[in-house]
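Peer 1: Residue numbers (full-length UniProt numbering), protein chains in the order written: chain E, 1 to 223; chain C, 1 to 388; chain Y, 1 to 397.
Idealized CB from N, CA, C, for every residue including glycine.
Bear in mind that the values here come from a model prediction, so they are computed numbers and not experimental data.
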Amino acid sequence: MAAVEIKQVRKVYQRDTQKVQVLDGISLEIAKGDFVALMGPSGSGKTTLLNLIGGLDRPTSGDVIVSGTSLSGLKGRKLAKWRARNIGFIFQLYNLIPVLTAIQNVELPLLLVPMSGKERRKRARTALELVGLGDRLAHYPRQLSGGQEQRVAIARALVSDPEVLLADEPTGDLDRKSGEEILNLVVRLNREFGKTILMVTHDPHAAERATHALHLDKGVLSN
Amino acid sequence: MAIPLSYNIRNVLQRPVATLTTAVGVGLTVTIFIGALALAAGFQEALRQSGSAANVIALRKGADSEISSYISRDAANIVRAHPEVATGPDGRPLASPEMVVVTNKPRLGQPGSSNVTVRAINPEGLAVRSAVKIVEGRMFTPGTDEAIVGKRIAPRFAGCGIGEKIRFGQRDFTVVGHFTAEGSAFESEIWGDNAVLQPALNRDGFQTLTFRMKDPARFAALKRELENDPRLQIQVQNEQNFYSSQSDMLSNIMRFMGVFITAIMAVGAIFGAMNTMYAAVGQRTREIATLLVLGFSPASVMVSFMIESVFLSLIGGAIGCLLALPINGIVTSTTNFQSFSEVAFAFRVTPPALLAGLIFAALMGAVGGFLPALHAARQPLAASLRGM
Amino acid sequence: MNFFSLVLVNLGRNKRRTILTLLSVTVALFLFCSLGGVLDTLQEAIKVGSETRLVTRNAISLVFPMPLSYRDRIAVLPGVKSVALQNWFGATDPKNPRNFFAQFGVDDAFFPIYAGDMTLVEASPPQADVAVPQGMDPKLASYLAEQTACVVGEKLLQKMGWKLGQTVTLSGTIYPGSWPFTIRAVYRARKKSFGEETMFFHWKYLNEHGMQGRAWVGVYVLDLGDPGRAADLAKQVDAMFENSDAATRTESEQAFQAGFVSMYGNIPFVLRVIGLAVVFAILLVAANTMMMAFRERVSEFGVLKTLGFEDGMVFRMVLAEAAIITLGGGLLGSLGAKLAIEGSGFNVGGFLPPMSVHWSTVATGIGVAFLVGAVSGLIPAWQAARLRIVEALRRVE
Ligand SMILES: Nc1ncnc2c1ncn2[C@@H]1O[C@H](COP(=O)(O)OP(=O)(O)OP(=O)(O)O)[C@@H](O)[C@H]1O
Ligand SMILES: [Mg+2]
Numbered sequence: 001m002a003a004v005e006i007k008q009v010r011k012v013y014q015r016d017t018q019k020v021q022v023l024d025g026i027s028l029e030i031a032k033g034d035f036v037a038l039m040g041p042s043g044s045g046k047t048t049l050l051n052l053i054g055g056l057d058r059p060t061s062g063d064v065i066v067s068g069t070s071l072s073g074l075k076g077r078k079l080a081k082w083r084a085r086n087i088g089f090i091f092q093l094y095n096l097i098p099v100l101t102a103i104q105n106v107e108l109p110l111l112l113v114p115m116s117g118k119e120r121r122k123r124a125r126t127a128l129e130l131v132g133l134g135d136r137l138a139h140y141p142r143q144l145s146g147g148q149e150q151r152v153a154i155a156r157a158l159v160s161d162p163e164v165l166l167a168d169e170p171t172g173d174l175d176r177k178s179g180e181e182i183l184n185l186v187v188r189l190n191r192e193f194g195k196t197i198l199m200v201t202h203d204p205h206a207a208e209r210a211t212h213a214l215h216l217d218k219g220v221l222s223n
Numbered sequence: 001m002a003i004p005l006s007y008n009i010r011n012v013l014q015r016p017v018a019t020l021t022t023a024v025g026v027g028l029t030v031t032i033f034i035g036a037l038a039l040a041a042g043f044q045e046a047l048r049q050s051g052s053a054a055n056v057i058a059l060r061k062g063a064d065s066e067i068s069s070y071i072s073r074d075a076a077n078i079v080r081a082h083p084e085v086a087t088g089p090d091g092r093p094l095a096s097p098e099m100v101v102v103t104n105k106p107r108l109g110q111p112g113s114s115n116v117t118v119r120a121i122n123p124e125g126l127a128v129r130s131a132v133k134i135v136e137g138r139m140f141t142p143g144t145d146e147a148i149v150g151k152r153i154a155p156r157f158a159g160c161g162i163g164e165k166i167r168f169g170q171r172d173f174t175v176v177g178h179f180t181a182e183g184s185a186f187e188s189e190i191w192g193d194n195a196v197l198q199p200a201l202n203r204d205g206f207q208t209l210t211f212r213m214k215d216p217a218r219f220a221a222l223k224r225e226l227e228n229d230p231r232l233q234i235q236v237q238n239e240q241n242f243y244s245s246q247s248d249m250l251s252n253i254m255r256f257m258g259v260f261i262t263a264i265m266a267v268g269a270i271f272g273a274m275n276t277m278y279a280a281v282g283q284r285t286r287e288i289a290t291l292l293v294l295g296f297s298p299a300s301v302m303v304s305f306m307i308e309s310v311f312l313s314l315i316g317g318a319i320g321c322l323l324a325l326p327i328n329g330i331v332t333s334t335t336n337f338q339s340f341s342e343v344a345f346a347f348r349v350t351p352p353a354l355l356a357g358l359i360f361a362a363l364m365g366a367v368g369g370f371l372p373a374l375h376a377a378r379q380p381l382a383a384s385l386r387g388m
Numbered sequence: 001m002n003f004f005s006l007v008l009v010n011l012g013r014n015k016r017r018t019i020l021t022l023l024s025v026t027v028a029l030f031l032f033c034s035l036g037g038v039l040d041t042l043q044e045a046i047k048v049g050s051e052t053r054l055v056t057r058n059a060i061s062l063v064f065p066m067p068l069s070y071r072d073r074i075a076v077l078p079g080v081k082s083v084a085l086q087n088w089f090g091a092t093d094p095k096n097p098r099n100f101f102a103q104f105g106v107d108d109a110f111f112p113i114y115a116g117d118m119t120l121v122e123a124s125p126p127q128a129d130v131a132v133p134q135g136m137d138p139k140l141a142s143y144l145a146e147q148t149a150c151v152v153g154e155k156l157l158q159k160m161g162w163k164l165g166q167t168v169t170l171s172g173t174i175y176p177g178s179w180p181f182t183i184r185a186v187y188r189a190r191k192k193s194f195g196e197e198t199m200f201f202h203w204k205y206l207n208e209h210g211m212q213g214r215a216w217v218g219v220y221v222l223d224l225g226d227p228g229r230a231a232d233l234a235k236q237v238d239a240m241f242e243n244s245d246a247a248t249r250t251e252s253e254q255a256f257q258a259g260f261v262s263m264y265g266n267i268p269f270v271l272r273v274i275g276l277a278v279v280f281a282i283l284l285v286a287a288n289t290m291m292m293a294f295r296e297r298v299s300e301f302g303v304l305k306t307l308g309f310e311d312g313m314v315f316r317m318v319l320a321e322a323a324i325i326t327l328g329g330g331l332l333g334s335l336g337a338k339l340a341i342e343g344s345g346f347n348v349g350g351f352l353p354p355m356s357v358h359w360s361t362v363a364t365g366i367g368v369a370f371l372v373g374a375v376s377g378l379i380p381a382w383q384a385a386r387l388r389i390v391e392a393l394r395r396v397e
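Written out as structure tokens, the structure reads:
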């Protein structure tokens, strides 16, 4: 069974009276344990595709199936629950909650599953140690460097142990060195922990680290 | 150089929700403020109107209200005969000896009872009370068991409709007319004839004597003469001043309550304005920094934000004035404990009260805007330009 | 960390705004409960008098007196234990004319009847050897021993800066002239509603110096042996004087006191309207805060939802935030009003019993605060809940 299966997905945005077709009947399969880099010019629909896979948005037509679950059948609370358990998101701008410490940020997704506070903290700490921030638990995002913030975000994406990680230009806002570190981390997650990863990137060097690379242009995928 | 006003106005209008919620909060405070002033002003005016500046009123020495006063028939006659008292075309003195008592009457449409002032006059006394006009029915016929009722209390007490009977002592009186008196407290009274009401209420003598002077300029001399006459034991004052003073206690309480209530409300409204202004400053951090870099002085930035806050509050003040306008003329009533009887009076929203409301609003804006404006003027340039 | 601490952390995000909003809710609820306190006090005033004592007055109004001869005719009615006289005096202290206080001329029967409502706490006898009749409080004897003696409430003594044993001279308004009184005893109220700002003195003194012995009586207070017969006796008394010059109206003391309250006319209604305006004003301040809090966090709501937070949770989170601010302010303001107003013992010149704020008013205040929180949070909470993730994430502040 493929981790992610996309069948004939179209996405049309309606802007006022004008229709913008972003994805034009895309089909794609990502096997379990794959690390796929998604490239393409700005505005080509990469983020849109990621959002569809994460269940943040719905396709105009076609179907998205993740780990055997068709997202078209999930709505509202069910979709939210499913996402909490199955998908980890990593954003370009980290999107940490500024008023929460590193460990609190990582704990956040665990609030959604029945679990004791102690257990939550333990898991959050483990996740942070995994990304190399075991000594920054009580730091607030503004007290961390960009690379460190992104690592906290990765820990947050990991902590509920989802099968699929979706990363939207995770190194886009980082300097070369930090970007490299984040990339190493992502590779490790794929290799050591067997996570299926779809990563949007503009950086060909980053794309090389993936097991596969895809190109999206004018709404069409190519290898 | 000053930052143009239109900059602030545009900014205030650009965030309609925050502007409106803040302004209405300020506005409600202003409404209550104006309402309290209107209440006190209405009450005061009702009593002030009772007196005529051309009249003089005599009460017993030491009496602080009509009901606690007493003037004997003899004393009244002595004063009436005084050469300084003006006379009418028929040659009789323009002087009205009056019996003023308080009677307890059941309310209409409300449980309980309240006190109503009953004033007995001599038929010729109306010449002194020129403000009184019969608006319905007719004047009572002297010497009969008839009474007229002030228009403002007629609907508030039982038995006050025309043709209805109202009991004083052991006698029933027929209400034959309703009268107005230029909105004065007389409109909250029941009037009848001395010759009938005095025996009915088992009273002798009068409470007050009101008269017109031939030459008002000689008031001081007359006052001295009458007050020093050992046969009289009276005090003499300008009628308008006397009735005005009857409102002092209650209108002071109303004003005190009004100030107390609005002062507290204002604190809340000012905090609300501060919130909005801090948010406005926060949103425009970069913009402000740019202005500073362009060469505007911190002082002009500060002034600009103060103006914005005052402008915002003035919108509220205007809303408050608009909300307060409809209460003008609403008739309400309460017991004036100075006269121990109920006075119905109308709220009076006066232009000075509206102006005071606007000034009050501007003040709230200035106070609420001060710290946010200071914050804006003092922000570190470099950090602001980089953004937050 | 848990859901609740997440809400708290969000409240701490803009501490200044949270505190300003909390404080404005606090002052508003303080005001709301103070106004409620006035209504409570009026409520209390209705219940001031005893239901088992009767008060007889002239049917025309209180201003009209009754002859002293009524006392003996009332006293012999079966069921009447004792009858006391009471005349409103209405004088002012020329040294302090703005400080209004109530004075009553009362006879000796007055104090035993009101023994349950007040108690004498201090006395200064006019001479060392005041004869104390068997079973009488020697403090009362000190007062009874002198015709110009008076008893004043503890608070009045304090307020006017008088001292026990001092002679104060009042100037009469209804009974003209200068009236010297010597403070021979001080009373304390046993029931809060009785108040401690009144002065009592000898009716006899008033009769001799103020009425030339004409012996007019303002009201009679009837102490009954059997309270069950109160209504009956009231009718009996009034029937007895129905056709005389001074017809009477007799009612329970409570109804008599309630009559004063009804004289306030529309004031309670006005206070209610003001209370409503206050609540509405505060609703706006709170709503504005919650809207601001929502607007600057749109993208964070998007992140939370991405992490799997359900719409309902986000909704509750925003509502809880609003409710905590307003509840906090409500608690502070409402309880503050109770403490401040009841603690200050403020009363309106003795017309009304000391101001009080009932617990029910405090509870209403807190309830109103909670409601304000809910309502002010409703729109932003709803907006946050229906926010679409994709849009929220795209929106850059
Ligand atoms: N909610 C929306 N409404 C209308 N148009 C949208 C919406 N979201 C995205 N689009 C449009 O869809 C197209 C694809 O956007 P998307 O964000 O997926 O691009 P992208 O490939 O991620 O670009 P970038 O590399 O710049 O991030 C763009 O033209 C964008 O303007
Ligand atoms: Mg993108």
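Going by the CB atoms, is the gap between residue 197 of chain C and residue 120 of chain C shorter than 8 Å?
Peer 2: Counted from its first residue, the second sequence places residue 120 of chain C at position 120. Counted from its first residue, the second sequence places residue 197 of chain C at position 197. Yes, they are a contact pair.
Peer 1: Closer than 8 Å, Cβ to any Cβ of chain C: which residues of the segment 164-194 of chain Y, in chain order?
Peer 2: Cβ contacts with chain C: 171, 172, 173, 174, 176 and 177.
Peer 1: Hey, does residue 190 of chain E have any beta-carbon neighbour from chain Y nearer than 8 Å?
Peer 2: Residue 190 of chain E sits at position 190 when you count from the first residue of the first sequence. Not one chain Y Cβ lies under 8 Å of residue 190 of chain E.
Peer 1: Closest Cβ-Cβ distance between residue 92 of chain E and chain Y: below 8 Å?
Peer 2: As a working mapping, residue 92 of chain E is identified with position 92 in the first sequence. So, not an interface residue.
Peer 1: Are the segment 231-244 of chain Y and the segment 92-109 of chain Y touching by the rule of at least three beta carbon pairs closer than 8 Å?
Peer 2: Under the Cβ criterion (8 Å, minimum of three pairs), the segment 231-244 of chain Y does not count as touching the segment 92-109 of chain Y.
Peer 1: Would you say the beta carbon of residue 58 of chain E is closer than 7 Å to some non-hydrogen atom of ligand 3?
Peer 2: Ligand 3 is not among the ligands present in this structure, which contains only ligand 1 and ligand 2.
Peer 1: Does the CB of residue 133 of chain E have a neighbour CB from chain Y at under 8 Å?
Peer 2: Looking up residue 133 of chain E in the first sequence gives position 133. Not one chain Y Cβ lies under 8 Å of residue 133 of chain E.
Peer 1: Please tell me whether residue 385 of chain Y and residue 315 of chain Y are closer than 8 Å, where the distance is taken between their beta carbons.
Peer 2: As a first step, residue 385 of chain Y is located in the third sequence; it is residue number 385 there, counting from the start. As a first step, residue 315 of chain Y is located in the third sequence; it is residue number 315 there, counting from the start. Contact flag set, yes.
Peer 1: Any beta-carbon of chain E closer than 8 Å to the one on residue 3 of chain Y?
Peer 2: Here residue 3 of chain Y refers to the residue found at position 3 of the third sequence. So, interface residue.
Peer 1: Secondary structure at residue 16 of chain Y, three-state DSSP: helix, strand or coil?
Peer 2: For the purposes of this step, residue 16 of chain Y is taken as residue 16 along the third sequence, with counting starting at 1. In the three-state DSSP reduction, residue 16 of chain Y falls in the helix class (H, G or I).
Peer 1: Can you tell me where the beta strand (DSSP E) with residue 354 of chain C in it begins and where it stops?
Peer 2: In the second sequence, the residue the question calls residue 354 of chain C occupies position 354. Not the beta strand (DSSP E): residue 354 of chain C falls in the alpha helix (DSSP H), residues 351-377.
Peer 1: With three or more C-beta pairs closer than 8 Å as the rule, is the segment 76-87 of chain C touching the segment 301-316 of chain C?
Peer 2: no
Peer 1: Using a Cβ-Cβ cut-off of 8 Å (strictly less than) and excluding sequence neighbours within five positions of residue 330 of chain C, which residues of its own chain qualify?
Peer 2: The residue labelled residue 330 of chain C in the question sits at position 330 within the second sequence. Within the same chain, residue 330 of chain C has close Cβ partners 346 and 347.
Peer 1: Going by beta-carbon coordinates alone, are residue 377 of chain C and residue 301 of chain C separated by less than 8 Å?
Peer 2: Numbered from 1 along the second sequence, position 377 holds the residue referred to as residue 377 of chain C. Numbered from 1 along the second sequence, position 301 holds the residue referred to as residue 301 of chain C. Yes, they are a contact pair.
Peer 1: Of all the CB atoms in chain Y, is at least one closer than 8 Å to the CB of residue 148 of chain E?
Peer 2: Taking the first residue of the first sequence as position 1, residue 148 of chain E is located at position 148. No, residue 148 of chain E lies away from the interface with chain Y (no Cβ there is under 8 Å from its Cβ).
Peer 1: Who are the Cβ neighbours of residue 381 of chain Y in its own chain at under 7 Å, not counting the five residues just before and after it?
Peer 2: Taking the first residue of the third sequence as position 1, residue 381 of chain Y is located at position 381. So the list reads 315, 318 and 319, once near-sequence residues are dropped.
Peer 1: Starting from the beta carbon of residue 98 of chain C, find every residue of chain Y whose beta carbon is closer than 8 Å, and list them in chain order.
Peer 2: Position 98 of the second sequence, counted from the start, is the residue given in the question as residue 98 of chain C. Simply none; closest approach about 15 Å.
Peer 1: For chain C, find out if any of its Cβ atoms is closer than 8 Å to the Cβ of residue 440 of chain Y; answer yes or no.
Peer 2: Residue 440 of chain Y is absent from the structure shown; chain Y starts at 1 and stops at 397.
Peer 1: For a contact defined as C-beta to C-beta under 8 Å, what are the partners of residue 201 of chain C on chain Y?
Peer 2: Taking the first residue of the second sequence as position 1, residue 201 of chain C is located at position 201. The contacting residues are 60 and 64.
Peer 1: Considering only C-alpha positions, which residue in the set E:11, E:23 and E:30 is nearest to residue 195 of chain E?
Peer 2: Here residue 195 of chain E refers to the residue found at position 195 when the first sequence is read from its first residue. Of the candidates E:11, E:23 and E:30, E:30 places its Cα closest to the Cα of residue 195 of chain E.
Peer 1: In this structure, does DSSP put residue 19 of chain E in helix, strand or coil?
Peer 2: Sequence index remark: in the first sequence, residue 19 of chain E carries index 19 (1-based). Of the three classes helix, strand and coil, the one that applies to residue 19 of chain E here is strand, per DSSP.
Peer 1: Enumerate in chain order the residues of its own chain whose CB-to-CB distance from residue 397 of chain Y is below 7 Å, with the five nearest sequence positions on each side excluded.
Peer 2: In the third sequence, counting from the first residue as 1, residue 397 of chain Y sits at position 397. Only weak support exists for where residue 397 of chain Y lies, its pLDDT of 38 falling under 50; the value from the coordinates is given anyway. Shown here for residue 397 of chain Y: same chain residues with a beta carbon closer than 7 Å to its own, the five before and five after excluded, namely 296 and 299 in chain order.
Peer 1: Under 8 Å Cβ to Cβ from residue 145 of chain E, same chain only, skipping five residues before and after it: list those, please.
Peer 2: The count along the first sequence starts at 1 and reaches residue 145 of chain E at position 145. Correct list, in chain order: 178.
Peer 1: Could you check what DSSP says for residue 104 of chain C in three-state terms: helix, strand or coil?
Peer 2: By one-based count along the second sequence, residue 104 of chain C stands at place 104. Residue 104 of chain C: strand per DSSP, three-state reduction.
Peer 1: Taking 5 Å as the limit, name every residue whose beta carbon sits nearer than that to some heavy atom of ligand 1, in sequence order.
Peer 2: E:13, E:15, E:22, E:42, E:43, E:44, E:45, E:46, E:47 and E:48
Peer 1: My output table needs one value for residue 57 of chain C: the three-state DSSP class, helix, strand or coil.
Peer 2: Here residue 57 of chain C refers to the residue found at position 57 of the second sequence. Note: residue 57 of chain C maps to strand in three-state DSSP.
Peer 1: According to the Cβ coordinates, are residue 376 of chain Y and residue 313 of chain Y closer than 8 Å?
Peer 2: Stepping through the third sequence from its first residue, residue 376 of chain Y is reached at position 376. Stepping through the third sequence from its first residue, residue 313 of chain Y is reached at position 313. No, these two residues do not count as a Cβ contact at 8 Å.
Peer 1: Leaving out the 5 sequence neighbours to the left and right, which residues in its chain are closer than 7 Å to residue 202 of chain C when beta-carbon positions are compared?
Peer 2: Start at 1 with the first residue of the second sequence, and residue 202 of chain C comes out as number 202. So the qualifying residues of the chain are 169.
Peer 1: Who does residue 150 of chain Y pair with in a DSSP beta bridge?
Peer 2: The count along the third sequence starts at 1 and reaches residue 150 of chain Y at position 150. Answer is Y:183 and Y:201, bridged to residue 150 of chain Y.
Peer 1: Does the segment 81-93 of chain C come close enough to the segment 42-50 of chain Y to have 3 or more Cβ pairs within less than 8 Å?
Peer 2: no
Peer 1: With 16 other CB atoms within 10 Å as the buried threshold, where does residue 44 of chain C fall?
Peer 2: Start at 1 with the first residue of the second sequence, and residue 44 of chain C comes out as number 44. A buried status is given to residue 44 of chain C, since no fewer than 16 other beta-carbon atoms sit within 10 Å of its beta-carbon.
Peer 1: Check the C-beta distance from residue 133 of chain E over to residue 148 of chain E and give it rounded, since I have them as a contact under 8 Å.
Peer 2: Within the first sequence, residue 133 of chain E is the residue found at index 133, counting from 1. Within the first sequence, residue 148 of chain E is the residue found at index 148, counting from 1. The pair is a contact, with the Cβ atoms about 6 Å apart (cut-off 8 Å).
Peer 1: Name the chain Y residues whose beta carbon is nearer than 9 Å to that of residue 28 of chain C?
Peer 2: By one-based count along the second sequence, residue 28 of chain C stands at place 28. Simply 277, 278, 280, 281 and 284.
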